[in-house]
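Chains as they are written, first to last, in our numbering: chain A, 10 to 241; chain B, 3 to 183; chain C, 22 to 214. Everything below concerns the one structure shown next.
Okay, structure coming up:
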């Protein structure tokens with residue numbers, strides 16, 4: 010998996026932007042995130058805060074759940090090192106512009122279940138890889154995301170929140186499948202699982218035409234490739 | 003028109019707790035509901051179970067049914083949702099599906115062309131993904147218009163048409179593979 | 022093969038299929054009327070019980086399964102107890118279907134028969150895995166909570182006296198999460214059930 014590392018100077022610049030009031034989520038001010046990050050504590054505050062600020066600029070950022078996750082990490086019995094590890098994949102996801110809702114939810118579940126840090130981190134890391142690979146897969150199939158409100162250049166350019174939901178649910182399905190012991194080589198089974206998940210959510214939180222678009226273009230071999238990237 | 007009004011008074015009576023009135027509703031709809039379930043589930047025992055459950059559930063929820071709307075749509079929606087639940091359960095607990103021909107021990111020489119095509123299409127239907135099969139069943143067994151199918155399955159009307167078109171194409175392809183010209 | 026009219030063949034094939042298998046529908050209305058008259062919902066607990074006491078993927082029959090078996094027994098006892106005192110209109114004591122609120126959420130009922138429990142709660146991705154308590158005000162062993170949820174996919178488990186149990190018979194699906202079962206429900210879609 011190819012991921013970029015954000016330059017360290019971003020932190021102070023971002024804090025400056027905050028001072029100019031560009032945060033998109035006024036319900037939870039950045040200062041609150043900063044406070045809890047200090048309580049965890051994270052070793053590179055600017056870096057992490059920068060990632061969160063970047064995420065906050067997205068309309069579908071799960072502000073409340075993210076704050077809860079950070080709060081519970083800070084209050085948890087894990088060592089400082091473990092806590093950082095449990096944040097690292099989420100930070101990378103934010104930097105990469107990937108939707109973090111699934112990661113945060115999984116993290117919260119792990120904390121609530123009292124799972125050892127290594128177990129949670131393993132799950133989060135696998136899900137991070139799957140998010141990135143799934144997004145790449147959709148791109149490869151000509152399905153893109155555009156900022157909401159901008160005119161769609163092609164039929165297959167979806168507003169970012171809709172695109173993110175597809176990425177989240179496809180990758181989540183593969184993650185659940187692998188964690189349940191499924192083999193990445195059973196492409197047909199994976200395809201069934203993905204089809205089942207997407208069609209179950211049609212009309213509820215997924216657009217039927219989006220689902221149809223995806224199911225028309227992705228194939229069992231694609232899903233095997235994505236799944237393999239997470240386990241190798 | 004008499005029959006429609008009759009249905010409304012049966013439903014009103016059912017709402018009052020007159021289970022006999024509900025029995026009359028069941029006898030009018032059971033073939034349609036069973037056919038829907040059999041088409042969706044491809045398993046006779048499951049179809050019988052779900053048909054039964056659908057009528058119980060509809061009765062229990064009759065208070066939430068709007069008498070001014072079409073009863074058949076509401077009834078079929080309940081059945082379709084129960085079928086979907088059963089299919090999810092069956093994913094983890096599979097059973098054998100319907101055989102293409104219920105009759106046993108047929109002499110191949112005596113199979114009539116029409117029966118052979120029926121058998122082929124039934125088998126092909128069982129292999130279709132649920133998303134394609136459901137609209138086909140509602141269209142070709144229940145004879146419903148696209149709009150009603152869209153309402154029952156909670157998908158746009160355009161999607162219904164596409165799925166039916168593609169579903170038929172897939173059936174045709176499978177049948178041609180099985181018995182090329 | 023002669024060119025076929027798919028529409029006609031499909032139509033007649035489906036009708037033929039129903040005609041061949043519809044014997045089981047004979048007397049359905051009488052049976053259902055009888056059942057509604059007795060106000061006792063039909064239980065197909067056999068399959069659920071088998072599912073509840075199934076070993077986890079690793080082959081263990083662990084504590085979770087024992088809890089499950091206990092809960093399954095409670096389910097039987099609980100349901101019979103509940104229906105004995107069911108109310109008017111022929112409706113069973115427990116409504117299982119979500120009803121819609123004005124804000125687009127649906128009231129989703131979580132139900133767990135657990136006769137001997139002191140505390141039952143539900144945790145899931147809808148409450149950030151923080152317990153929402155269920156209540157059993159009439160002490161009939163049936164614990165319930167009604168939670169308004171927008172359409173979506175919800176993973177959850179019950180916590181029974183501190184122990185997590187993820188095999189809700191009313192779930193749409195089950196997943197393995199951190200080595201244990203979670204239940205899944207899909208909320209949203211068409212009207213009716």
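Backbone N, C-alpha and C fix where the C-beta goes; we use that ideal spot for every residue, glycine too. These figures come from a predicted structure and were not determined experimentally.
With respect to 7 Å, is the separation between the Cβ of residue 176 (chain C) and the closest non-hydrogen atom of the ligand GDP below this value?
In the structure shown, the ligand GDP is absent, as is every other ligand, since no ligand is present at all.
Since residue 202 (chain C) is in the beta strand (DSSP E), which residue starts that stretch and which ends it?
Within the third chain, numbered from 1, the residue matching residue 202 (chain C) stands at position 181. Per DSSP, the continuous beta strand (DSSP E) segment holding residue 202 (chain C) begins and ends at 201-208.
Compute the distance between the beta-carbons of residue 185 (chain A) and residue 196 (chain C), then report whether it is under 8 Å.
Along the first chain, read from residue 1 onward, the residue named residue 185 (chain A) stands at position 176. Along the third chain, read from residue 1 onward, the residue named residue 196 (chain C) stands at position 175. Yes, the Cβ-Cβ distance between residue 185 (chain A) and residue 196 (chain C) is below 8 Å.
For residue 1 (chain A) and residue 146 (chain A), what's the separation of their Cα atoms in angstroms?
Outside the shown range of chain A (10 to 241) lies residue 1 (chain A), about which nothing can therefore be said.
First through last residue of the beta strand (DSSP E) which encompasses residue 154 (chain A):
On the first chain, residue 154 (chain A) is found 145 positions in, with the first residue counted as 1. Its beta strand (DSSP E) spans residues 153-155.
Run of the beta strand (DSSP E) containing residue 127 (chain C), from where it starts to where it stops
For this step, residue 127 (chain C) is matched to residue 106 along the third chain. Start and end: 127-134.
I'd like the list of long-range same chain contacts for residue 152 (chain A), defined as Cβ closer than 6 Å, with 5 residues on each side in sequence excluded.
Mapped onto the first chain, residue 152 (chain A) falls at position 143. 165.
Could you pull out every residue in the same chain whose Cβ sits closer than 6 Å to the Cβ of residue 182 (chain C), ignoring the five residues on either side in sequence?
For the purposes of this step, residue 182 (chain C) is taken as the residue at position 161 of the third chain. Excluding sequence neighbours, residue 182 (chain C) sits near 138, 139, 140.
According to the neighbour-count rule (16 or more other Cβ atoms, all chains shown, within 10 Å of its Cβ), is residue 188 (chain C) buried or exposed?
Within the third chain, numbered from 1, the residue matching residue 188 (chain C) stands at position 167. So residue 188 (chain C) ends up on the buried side.
Please determine, among A:117, A:239, A:224, the residue with the shortest C-alpha to C-alpha distance to residue 83 (chain A).
Position 74 of the first chain, counting from 1, holds the residue named residue 83 (chain A). It is A:117 whose Cα lies nearest to the Cα of residue 83 (chain A).
When the Cβ atoms of the region 186-205 of chain A are set against those of the region 21-35 of chain B, are three or more pairs found closer than 8 Å?
The region 186-205 of chain A vs the region 21-35 of chain B: no contact.
Do the region 129-138 of chain C and the region 162-175 of chain C make contact, defined as three or more Cβ pairs closer than 8 Å?
Taking a contact to require three or more Cβ pairs closer than 8 Å, the region 129-138 of chain C and the region 162-175 of chain C qualify as touching.
Mind listing the chain B neighbours of residue 215 (chain C)? Cutoff is C-beta to C-beta under 8 Å, in chain order.
It is not possible to answer for residue 215 (chain C), since the shown part of chain C is limited to 22 through 214.
Beta-carbon contacts of residue 162 (chain B) that lie in its chain and below 6 Å, excluding the five residues immediately before and after:
By 1-based counting over the second chain, the position of residue 162 (chain B) is 160. Around residue 162 (chain B): 137, 148, 151, 152.
Which residues in chain B sit within 8 Å of residue 204 (chain A), going by Cβ to Cβ distance?
Within the first chain, residue 204 (chain A) is the residue found at index 195, counting from 1. Here the neighbours are 131, 133.
Using a C-beta to C-beta distance shorter than 7 Å, which residues of chain B count as neighbours of residue 212 (chain A)?
Taking the first residue of the first chain as position 1, residue 212 (chain A) is located at position 203. Per Cβ cutoff of 7 Å: 156, 157.
CB residue 219 (chain A) to CB residue 144 (chain A), shorter than 8 Å?
Mapped onto the first chain, residue 219 (chain A) falls at position 210. Mapped onto the first chain, residue 144 (chain A) falls at position 135. No.
Residue 32 (chain B) touches chain C at which residues, Cβ-Cβ below 9 Å?
Numbered from its first residue, the second chain carries residue 32 (chain B) at position 30. Within 9 Å Cβ-Cβ: 43, 46, 49, 50.
Helix, strand or coil for residue 9 (chain B)? Go by DSSP, reduced to three states.
As a position in the second chain, residue 9 (chain B) is number 7, starting the count at 1. DSSP places residue 9 (chain B) in helix when its eight states are reduced to three.
Opening and closing residue of the alpha helix (DSSP H) in which residue 59 (chain A) lies:
For the purposes of this step, residue 59 (chain A) is taken as residue 50 along the first chain, with counting starting at 1. Bounds of the alpha helix (DSSP H) holding residue 59 (chain A) are 54-65.
Assigned exposure category for residue 238 (chain A) - 16 Cβ within 10 Å defines buried
Here residue 238 (chain A) corresponds to residue number 229 of the first chain, with the count starting at 1. Here residue 238 (chain A) is buried: its Cβ has 16 or more other Cβ atoms, across all protein chains shown, within 10 Å.
What is the C-beta distance between residue 130 (chain B) and residue 89 (chain B), in whole angstroms, given that I count them as a contact (C-beta under 8 Å)?
Within the second chain, residue 130 (chain B) is the residue found at index 128, counting from 1. Within the second chain, residue 89 (chain B) is the residue found at index 87, counting from 1. Going by Cβ atoms, the distance from residue 130 (chain B) to residue 89 (chain B) rounds to 13 Å, so no, they are not a contact pair.
Count the C-beta pairs between the region 219-231 of chain A and the region 172-179 of chain B that are closer than 8 Å, then say yes if the count reaches three, no if not.
Too few Cβ pairs lie closer than 8 Å, so no.
Starting from the Cα of residue 48 (chain A), find the closest Cα among A:156, A:80, A:68, A:60 and give me that residue.
Locating residue 48 (chain A) in the first chain gives position 39, counting from the first residue. Each of A:156, A:80, A:68, A:60 was checked against the Cα of residue 48 (chain A), and the nearest Cα belongs to A:80.
How would you call residue 167 (chain B), buried or exposed, if buried means at least 16 neighbouring beta carbons within 10 angstroms?
Counted from its first residue, the second chain places residue 167 (chain B) at position 165. Residue 167 (chain B) is classed as exposed because its beta carbon has fewer than 16 other beta carbons within 10 Å across all chains shown.
Determine, for residue 74 (chain A), whether the minimum Cβ-Cβ distance to residues of chain B falls below 8 Å.
Walking along the first chain from the start, residue 74 (chain A) turns up at place 65. Not closer than 8 Å to any Cβ of chain B, the Cβ of residue 74 (chain A) fails to qualify, so no.
Within-8 Å CB hit, residue 221 (chain A) to chain B
Taking the first residue of the first chain as 1, we reach residue 221 (chain A) at position 212. Closer than 8 Å: yes.
If you run the structure through DSSP and keep just helix, strand and coil, what is residue 177 (chain C)?
Locating residue 177 (chain C) in the third chain gives position 156, where the first residue counts as 1. Strand.
Mind reading off the beta-carbon distance from residue 50 (chain A) to residue 113 (chain A)? Whole number of angstroms is fine, and I expect it under 8 Å.
Counted from its first residue, the first chain places residue 50 (chain A) at position 41. Counted from its first residue, the first chain places residue 113 (chain A) at position 104. With a contact defined as Cβ atoms closer than 8 Å, residue 50 (chain A) and residue 113 (chain A) miss out at about 19 Å.
In angstroms with no decimal places, state the Cα-to-Cα distance between residue 155 (chain A) and residue 163 (chain A).
Residue numbering aside, residue 155 (chain A) sits at position 146 when the first chain is read from its first letter. Residue numbering aside, residue 163 (chain A) sits at position 154 when the first chain is read from its first letter. When the Cα atoms are used, residue 155 (chain A) and residue 163 (chain A) turn out to be separated by approximately 10 Å.
For the region 199-217 of chain A against the region 143-158 of chain C, do three or more pairs of beta-carbon atoms, one drawn from each stretch, fall closer than 8 Å, so that the two count as touching?
Short answer: they don't touch.
Report the residue from A:56, A:103, A:76, A:111 whose alpha carbon sits nearest the alpha carbon of residue 64 (chain A).
The sequence position of residue 64 (chain A) within the first chain is 55, counting from 1. Nearest of A:56, A:103, A:76, A:111 to residue 64 (chain A), Cα basis: A:103.
Can you confirm whether residue 142 (chain C), when its beta carbon is compared against all beta carbons of chain A, has any partner nearer than 8 Å?
Residue mapping note: residue 142 (chain C) aligns to position 121 of the third chain, counting from 1. Cβ-Cβ to chain A under 8 Å: no for residue 142 (chain C).
Which residues in chain B have a C-beta closer than 9 Å to the C-beta of residue 125 (chain C)? List them in chain order.
Residue mapping note: residue 125 (chain C) aligns to position 104 of the third chain, counting from 1. Contact annotation for residue 125 (chain C) against chain B: no contact, minimum CB-CB distance about 14 Å [criterion: below 9 Å].
I'd like to know whether the C-beta atoms of residue 133 (chain B) and residue 35 (chain C) end up nearer to each other than 8 Å.
For this step, residue 133 (chain B) is matched to residue 131 along the second chain. For this step, residue 35 (chain C) is matched to residue 14 along the third chain. Between residue 133 (chain B) and residue 35 (chain C), the gap from beta carbon to beta carbon reaches 8 Å or more.
With burial defined as no fewer than 16 other Cβ atoms inside 10 Å of the residue's Cβ, what is the status of residue 8 (chain B): buried or exposed?
For the purposes of this step, residue 8 (chain B) is identified with residue 6 of the second chain, where counting begins at 1. The Cβ neighbour count for residue 8 (chain B), taken over all protein chains shown within 10 Å, is under 16; the residue is labelled exposed.
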